[in-house]
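This report concerns only the one structure given below.
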Amino acid sequence: MKPTVGYSTCIMVIILISVFILLLFWNTALWGYQDKNINDIESDDAACFCEEAKSIVLKANNKKAIILVHGYPSCPRLYTYSAKRFAEAGYDVYAPLLPGFGTDVKEFEKTYFTQWFNYLCRYYETIRASYPTVVVLGTSMGGMMTLKLGEIYSNTPQAPAALVSISAPVVYNSIRDWIFTDIRLSVMRTISLFKPTFAAKTVRGNPKGEDGNELWTGYAGLFINQGLSLINAMGPVRRDLGKISCPLYAIQDVNDKTVPFKNLKIIQRENGSHDFQTLETEMGNYGHTRHALLMYYSIQSELTDSILDFLKDKE
Numbered sequence: 011m012k013p014t015v016g017y018s019t020c021i022m023v024i025i026l027i028s029v030f031i032l033l034l035f036w037n038t039a040l041w042g043y044q045d046k047n048i049n050d051i052e053s054d055d056a057a058c059f060c061e062e063a064k065s066i067v068l069k070a071n072n073k074k075a076i077i078l079v080h081g082y083p084s085c086p087r088l089y090t091y092s093a094k095r096f097a098e099a100g101y102d103v104y105a106p107l108l109p110g111f112g113t114d115v116k117e118f119e120k121t122y123f124t125q126w127f128n129y130l131c132r133y134y135e136t137i138r139a140s141y142p143t144v145v146v147l148g149t150s151m152g153g154m155m156t157l158k159l160g161e162i163y164s165n166t167p168q169a170p171a172a173l174v175s176i177s178a179p180v181v182y183n184s185i186r187d188w189i190f191t192d193i194r195l196s197v198m199r200t201i202s203l204f205k206p207t208f209a210a211k212t213v214r215g216n217p218k219g220e221d222g223n224e225l226w227t228g229y230a231g232l233f234i235n236q237g238l239s240l241i242n243a244m245g246p247v248r249r250d251l252g253k254i255s256c257p258l259y260a261i262q263d264v265n266d267k268t269v270p271f272k273n274l275k276i277i278q279r280e281n282g283s284h285d286f287q288t289l290e291t292e293m294g295n296y297g298h299t300r301h302a303l304l305m306y307y308s309i310q311s312e313l314t315d316s317i318l319d320f321l322k323d324k325e
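The numbering of the sequence shown is our numbering, which starts it at 11 and goes up by one.
Quick look at the structure:
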């Protein structure tokens with residue numbers, strides 16, 4: 011009987027290890043993942059939890075426009091300064107609030123990346139049809155969406171005049187690239203089956219912030235399903251970077267605490283733009299994440315100048 015017991019125990023251990031490995035890959039590689047909701051949805055400024063969360067639109071019947079895409083889980087407020095600067099430079103400015111953002115956490119929990127991005131595509135196509143020159147700039151997830159727009163519309167009649175990506179993620183966790191944004195991903199998909207959010211709430215400014223970070227507005231807490239949706243979308247964006255042919259300016263701080271700086275290196279190496287420029291900033295010792303660069307007082311003026319210089323001959 012002893013050999014039989016030993017054999018049975020060995021088989022059980024092998025089964026448990028196999029299940030653990032499969033579960034680990036199901037979590038980290040997101041095998042079989044699909045967004046639960048993909049139907050088209052619209053943004054509604056009237057539903058915003060505060061005035062500061064609303065879209066920014068500055069129009070003066072100019073012949074060129076710039077679309078400013080916010081990140082996850084923030085809102086257009088981070089572009090308050092730069093929107094005015096772009097308007098002064100002769101652009102009509104559109105900083106839309108993506109659907110689900112800036113309103114109510116319960117509504118946000120029902121939305122996914124496919125819906126956010128499809129809304130942005132519809133928004134972009136509407137603006138693009140109205141102006142001979144349209145530039146797209148995005149920060150964080152907005153930067154990733156900007157890259158994805160370039161991948162879709164490059165070499166088409168709807169191609170943007172230029173793209174500017176700031177602190178854009180294209181990889182989350184990768185042994186190959188030695189990038190590890192958050193190792194908690196290894197269990198999050200499983201946890202989401204039981205508890206999809208943690209400490210979810212709206213944030214209207216950060217009293218403890220500095221250098222402009224005190225103005226940050228959006229959602230706080232952990233939205234697992236929405237985060238997984240965003241992470242799942244990164245792979246195709248990286249894969250198609252070579253499809254970008256329009257002018258591209260990629261920017262990130264070397265000490266970004268939200269998106270690992272190696273993401274910029276991947277964009278630099280793998281994009282297909284015929285007119286590519288890049289900027290690696292190095293901010294001082296501040297108590298913020300050095301991520302939403304155009305929000306920070308210490309760098310927003312100089313950085314906006316740099317972006318406008320890049321855009322000078324892109325009409």
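Just so it is clear, CB atoms sit at the ideal spot from N, CA and C, and this is done for glycine as well.
| request: State whether the stretch 56 to 71 contacts the stretch 99 to 108, with contact taken as three or more CB pairs (one from each stretch) at a distance under 8 Å. | output: yes
| request: For the beta strand (DSSP E) containing THR156, list its first residue and its last residue. | output: Membership of THR156 in any beta strand (DSSP E) is not indicated; the residue belongs instead to the alpha helix (DSSP H) covering 151 to 163.
| query | Does the distance from the C-beta atom of TYR89 to that of GLY222 stay below 7 Å? | reply | no
| field | Whole alpha helix (DSSP H) elements within the stretch 205 to 278, 4-residue minimum | value | 234 to 249
| task | Taking 7 Å as the cut-off, decide whether the C-beta atoms of LEU338 and LEU173 are in contact. | result | Residue 338 lies beyond the stretch modelled for the chain, which goes from 11 to 325, so this question has no answer here.
| Would you say the stretch 45 to 61 touches the stretch 264 to 284, given that touching needs at least three Cβ pairs under 8 Å? | no
| said: Assess contact between the stretch 239 to 254 and the stretch 205 to 215, defined as three or more Cβ pairs (one per stretch) separated by less than 8 Å. Is contact present? | reply: Because the criterion of three Cβ pairs below 8 Å is not met, the stretch 239 to 254 and the stretch 205 to 215 do not touch.
| Short Cβ contact (7 Å threshold) for PRO170 with MET154 | no
| What are the uninterrupted segments assigned as beta strand (DSSP E) that are 3 or more residues long and contained completely in the stretch 46 to 81, given in chain order? | 66 to 68, 74 to 79
| request: Leaving out five residues on either side along the sequence, give the residues of the same chain with a beta carbon under 7 Å from the beta carbon of HIS284. | output: SER255
| task | Spell out the partners DSSP gives GLU290 in its beta bridges. | result | GLN262
| Grouping DSSP H, G and I as helix and E and B as strand, with all else coil, what is VAL181? | coil
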